[in-house]
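A.B. asks: Let me give you the structure first, and then I'll get to my questions.
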Amino acid sequence: GRPPPPAMQGKVAVSSSSPVVTALLPALSQDGHTPSRDGEIFKLPGRLRIQPSLWSKDDVIHWLRWAEEEYSLRHTDESKFEMNGKALCILTKDDFRHRAPSSDCRLLWDYVYQLLSDSRYEPYIKWEDKEAKVFRVVNPNGLAQLWGNHKNRVNMTYEKMSRALRHYYKLNIIKKEPGQKLLFRFLKTPGEIIHEKSSKLEQLENEDHEDLKEDSLEASP
């Protein structure tokens with residue numbers, strides 16, 4: 001799931017940084033319209049163009065499946081969303097994360113990939129050569145702020161974020177392009193990375209965050 005662009009924030013009833021929520025909740029807007037990445041308007045399927053609080057259990061599942069297709073999200077276990085629209089609308093961020101933990105971008109590589117998949121974030125990060133999986137960080141400080149918001153770390157900086165990136169150098173997931181500032185390459189596809197020990201990567205990123213409280217000597221990539 002992709003984080004909502006600034007223009008979409010605050011327009012839905014439930015707020016969350018979980019990709020399932022941030023990508024799906026535009027569908028909860030009052031008029032049933034969802035801005036596309038090209039600035040056009042996508043409409044919800046006809047049966048869902050009513051107040052979400054009036055949705056049936058079947059409507060909720062229909063909405064989940066539609067949004068997974070629309071936003072290229074990972075499949076969500078529908079048994080975790082056996083509820084009507086009224087119940088859906090009062091779910092909290094933690095409720096969503098509990099019901100769809102596999103869809104939560106806990107790791108930096110996943111978050112970066114999601115941003116690269118959405119052209120609205122090109123002022124922050126963009127593909128330089130998509131076929132070769134080469135990407136450029138356009139606005140380091142802005143990107144770090146997005147990542148900090150996602151992780152609920154208000155003091156996130158690019159220096160801190162880049163330290164997490166360096167873990168991926170060692171694992172041959174991401175590498176820095178030689179002689180190029182802020183230019184990187186993915187060495188593996190998302191499917192290949194998912195087979196890595198994600199829990200270990202998450203532990204490394206979290207430990208590195210703690211280390212930063214005392215260690216800021218290492219230079220940014």
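End of the sequence shown sits at 221 in UniProt numbering; the numbers just go up one at a time, nothing left out.
We put the beta carbon where it would ideally sit given N, CA and C, even for glycine.
#1: For the pair the segment 152-159 and the segment 168-178, tell me if three or more CB-CB distances fall below 8 Å.
#2: Would you kindly work out how many angstroms separate the C-alpha atoms of N176 and R120, rounded to a whole number?
#3: Roughly how many angstroms separate the alpha carbons of D59 and L48, rounded to a whole number?
#4: Whose CA, out of W63, G85, G46, lies closest to the CA of S56?
#5: Counting C-beta neighbours from all protein chains within 10 Å, is the total for I193 16 or more, i.e. buried, or is it exposed?
#6: Quick check on the burial criterion: 16 or more other C-beta atoms within 10 angstroms. Buried or exposed for L88?
#7: Going by C-alpha distance, which of D110, F81, D95, L44 is nearest K188?
#8: Between the alpha carbons of residue 253 and F184, how many angstroms are there, rounded?
#9: Where do the ends of the beta strand (DSSP E) carrying D129 lie?
#10: Any idea what DSSP makes of L183, helix, strand or coil?
C.D. replies: The answer reads as follows:
#1: no
#2: For this step, residue 176 is matched to residue 176 along the sequence shown. For this step, residue 120 is matched to residue 120 along the sequence shown. Asn is not the amino acid found at residue 176; the sequence shown has Lys there. Spanning the two alpha carbons is a distance of roughly 24 Å.
#3: By 1-based counting over the sequence shown, the position of residue 59 is 59. By 1-based counting over the sequence shown, the position of residue 48 is 48. Taking the straight line from one Cα to the other gives about 7 Å.
#4: Reading the sequence shown from its first residue, position 56 is the one you call residue 56. Selected option, being the one with the closest Cα: G85.
#5: Position 193 of the sequence shown, counting from 1, holds the residue named residue 193. It is buried - the Cβ of I193 has at least 16 other Cβ atoms within 10 Å.
#6: Locating residue 88 in the sequence shown gives position 88, counting from the first residue. That one is buried.
#7: On the sequence shown, position 188 is the one that residue 188 refers to. Comparing Cα-Cα distances from K188 to each of D110, F81, D95, L44, the minimum goes to D110.
#8: Residue 253 lies beyond the stretch modelled for the chain, which goes from 1 to 221, so this question has no answer here.
#9: Within the sequence shown, numbered from 1, the residue matching residue 129 stands at position 129. Run containing D129: 125-129, per the beta strand (DSSP E) assignment.
#10: For the purposes of this step, residue 183 is taken as residue 183 along the sequence shown, with counting starting at 1. Three-state DSSP puts L183 in a strand.
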